[in-house]
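Peer 1: In this note's numbering, the protein residues as written are 16 to 536. The C-beta atom is built at its ideal place from N, Cα and C for all residues, glycine as well. Quick one: structure below, then a few questions.
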Amino acid sequence: MENNKSNNRKAIIKRKIIYILIDVLIVFFSFLFFAWIKPATVRIYLPTYIQPFLFFELVWLFVSLLIAKYDLHKARKPKDVIIPIFIANITTLAVITTLIYSFGAFGYSRLIVFGTILLATILETGLGYLYFSYRTPILIPEIDEERIKQKIYPVEPTFKIESEKIDEVQYVENREQIRKVIIEESSDSVYQFASKYIDVGNPANLLISTTTKVNIDNLPENKYQSIINLQKINNIQRINKFFESVNAKLPHGGIFINSAETYLLRKERILHKYPFIINYIYYFFDVVFTRIFPKLLVTKNIYFFITLGRNRVLSRAETLGRLYSCGFECIEEKFIDGKLYFVVRKVKEPVFDYNPTYGLFIRLKRYGKNGKVLGVYKMRTMHAYSEYLQEYIYNKHSLQEGGKFSNDFRVTATGKIMRKFWLDELPMIFNLLKGDMKLVGVRPLSKHYFNLYTDELKEKRLKYKPGLVPPFYVDLPKTFDEIMESEEKYLDEYEKHPFLADTKYFFNAFYNILFKHARSN
């Protein structure tokens, strides 16, 4: 016990020293940056500022240690990292300003002094946020098929709901009244779309226009086989809870029809609504408020206080992913009148995902050596809830050359850039340092992708650790069968001569990436 405490104490001290060294480099870099942008050269400024800068560094470190800025091991929330940075740096600013006025040291450049503090604060805040995100990445769950196996329902509806008997005249009148309501609130196109899947005149099919979960909860049990909601889900405060309530009220195979305005449709609406130039100015501030504010620690609470979680911006992937996580499968989706309309069917119970995939860093469940499930670190390149759509994307678009999904709308615009330059792969270095992975080897796969392989190759894959640099970059296969052949060839070579195989594959992959511009699509 004492040895463990001693080791923990040593590890904490070692980490604090690393944080201090990083902070010293941040301040030094900030100083050099502002010295560089001054009219005179760095060669002139350095001799003049070197002694004052060293004194400044001492004040910076003393205040930071006093405020406990480097006690990152105690942080439980992002604010525990960010707030000490602001307090320490504002205190340093006050001390330095007081000293300048007390000793009349007005010869020093205010741009260099105050600019150094400002830039260092920005860099520290950014690194602090990245540190916390990396230390507590979001673990993307695999849907536990065993846990919900008994709750997966037949694809075809099996419900037999006894509706009230009404004569043909009343039946026609009901249908006509509902048709008028749908056309008035939406359009005839929406009515035609819904009519493909349900008979709107049937009393067992409910038409509502609500954003409130309570209105769904108050519906009687086992009465409706379908529900149509005319309100877009963007205005629903807790979307998943709303979907879960709908799931609870529908029978196995029951139909749910609703709509959403995706962020691309929102952009299109804004740009067409206002005159040129004004529309782009408006759209810029709309993006800042609706897409950036909710993701930043300091502005997230402001956003939700003002909007109450309504009128939120959603992607197509997040919309469908939320539905799949709540026990539905998509039958059809269609863009009508500036909205994405969807028809989904209840196929199982909700997963109740309390950890949606927001955040910069994620940890994916992947198969490693001996079938051990690894938490593989990556930077998030997909929209939230995208992991629930893997089978949907595979069935809809299948695989393209290189083994990736074609037309994968789950990937964000920044995600495409990160994937192009492998920036999303960088956090996997942490898995390499932990010993979960090796430098060269087959890539760790998700459960869905792993199950596409032959049993023989599955067995071979699980004998060894996965790697950062896969054999893909050596053979450059185009089809899924060629990918399996490439991996089998590497594993056979590795089994005979591990070191030689990895060395050969590493340099061949390096050559192909550098000179042949090999990419994994």
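So, with DSSP's three-state summary, where would you put residue 225?
Peer 2: Looking at residue 225 - three-state DSSP - the assignment turns out to be coil, as it is neither helix nor strand.
Peer 1: Can you grab the Cα-Cα spacing for the pair residue 77 / residue 377, in whole Å?
Peer 2: So the alpha carbons of these two residues sit roughly 35 Å apart.
Peer 1: If I follow the unbroken beta strand (DSSP E) through residue 484, where does it start and stop?
Peer 2: That run of the beta strand (DSSP E) goes 482-484.
Peer 1: Going by C-alpha distance, which of 217, 260, 253 and 247 is nearest residue 233?
Peer 2: Closest option to residue 233, Cα to Cα, is 260.
Peer 1: Compare the Cα-Cα distances from residue 96 to each of 102, 87, 103 and 294 and report the closest residue.
Peer 2: Ranking 102, 87, 103 and 294 by Cα distance to residue 96 puts 87 first.
Peer 1: So who's on the other strand from residue 241, going by DSSP bridges?
Peer 2: Its beta-bridge partners are 220 and 270.
Peer 1: Which of the three DSSP states, helix, strand or coil, is assigned to residue 411?
Peer 2: Residue 411 falls in the helix class under three-state DSSP.
Peer 1: Identify whether residue 522 lies in helix, strand or coil by the three-state DSSP scheme.
Peer 2: Three-state result, residue 522: helix.
Peer 1: If residue 222 sits next to residue 275, beta carbons under 8 Å apart, how far is it from one beta carbon to the other, in whole angstroms?
Peer 2: Rounded, the Cβ-Cβ distance is 18 Å, inconsistent with contact.
Peer 1: Sorted by chain position, which residues of the same chain lie with C-beta nearer than 8 Å to residue 239's C-beta, five sequence neighbours on each side aside?
Peer 2: Excluding positions up to five away in sequence, the list reads 176, 219, 220, 221, 264, 265 and 269.
Peer 1: In terms of residue numbering, what span does the alpha helix (DSSP H) encompassing residue 100 cover?
Peer 2: Start and end: 93-117.
Peer 1: Less than 7 Å between the beta carbons of residue 341 and residue 309, yes or no?
Peer 2: Going by C-beta atoms, residue 341 is not nearer than 7 Å to residue 309.
Peer 1: Among 424, 64, 277 and 436, which one has its Cα closest to the Cα of residue 351?
Peer 2: Closest option to residue 351, Cα to Cα, is 277.
Peer 1: State buried or exposed for residue 75, treating a residue as buried only when at least 16 other CB atoms are found within 10 Å of its CB.
Peer 2: So residue 75 counts as buried.
Peer 1: Whole angstroms is fine: what's the gap from residue 217's alpha carbon to residue 360's?
Peer 2: Each residue's alpha carbon lies about 18 Å from the other.
Peer 1: Does DSSP classify residue 395 as helix, strand or coil?
Peer 2: Three-state DSSP puts residue 395 in coil, outside helix and strand.
Peer 1: Would you say residue 256 and residue 282 are within 7 Å of each other, going by their C-beta atoms?
Peer 2: No, the Cβ-Cβ distance between residue 256 and residue 282 is not below 7 Å.
Peer 1: Using the rule of at least 16 other Cβ atoms within 10 Å of the residue's Cβ for burial, across every protein chain shown, is residue 235 buried or exposed?
Peer 2: Residue 235 should be labelled exposed.
Peer 1: Along the beta strand (DSSP E) that carries residue 348, what are the first and last residues, could you check?
Peer 2: Residue 348 -> beta strand (DSSP E) spans 343-351.
Peer 1: Only counting the same chain, and skipping five residues up and downstream in sequence, which positions put a Cβ closer than 8 Å to that of residue 447?
Peer 2: So the qualifying residues of the chain are 453, 454 and 483.
Peer 1: What does a CB cutoff of less than 7 Å around residue 523 pick up in its chain, not counting 5 residues either side in sequence?
Peer 2: Around residue 523: 489.
Peer 1: Can you check whether the CB of residue 396 is closer than 7 Å to the CB of residue 426?
Peer 2: In this structure, residue 396 lies closer than 7 Å to residue 426 by Cβ.
Peer 1: Are residue 210 and residue 246 close, meaning C-beta to C-beta below 7 Å?
Peer 2: No, the pair does not count as a contact, with Cβ atoms beyond the cut-off.
Peer 1: Excluding the 5 residues flanking residue 288 on each side, which residues of the same chain have their C-beta closer than 8 Å to its C-beta?
Peer 2: Hits under 8 Å: 294.
Peer 1: Leaving out the 5 sequence neighbours to the left and right, which residues in its chain are closer than 6 Å to residue 33 when beta-carbon positions are compared?
Peer 2: Taken in chain order, the list of residues that qualify is empty.
Peer 1: Could you check what DSSP says for residue 454 in three-state terms: helix, strand or coil?
Peer 2: In this structure, residue 454 counts as strand in the three-state DSSP scheme.
Peer 1: State whether the region 389-409 contacts the region 429-437, with contact taken as three or more CB pairs (one from each stretch) at a distance under 8 Å.
Peer 2: Touching, yes.
Peer 1: If I'm right that residue 477 touches residue 385 with Cβ under 8 Å, what's the distance once you round it to whole angstroms?
Peer 2: About 6 Å; that satisfies the 8 Å criterion.
Peer 1: Please say whether residue 197 and residue 205 have beta carbons closer to each other than 7 Å?
Peer 2: Contact flag set, yes.
Peer 1: Taking only three categories from DSSP, how would you classify residue 381?
Peer 2: The answer is strand: DSSP assigns residue 381 an E or B state.
Peer 1: Relative to the C-alpha of residue 363, which residue among 303, 442 and 343 is closest?
Peer 2: The option with the nearest alpha carbon to residue 363 is 343.
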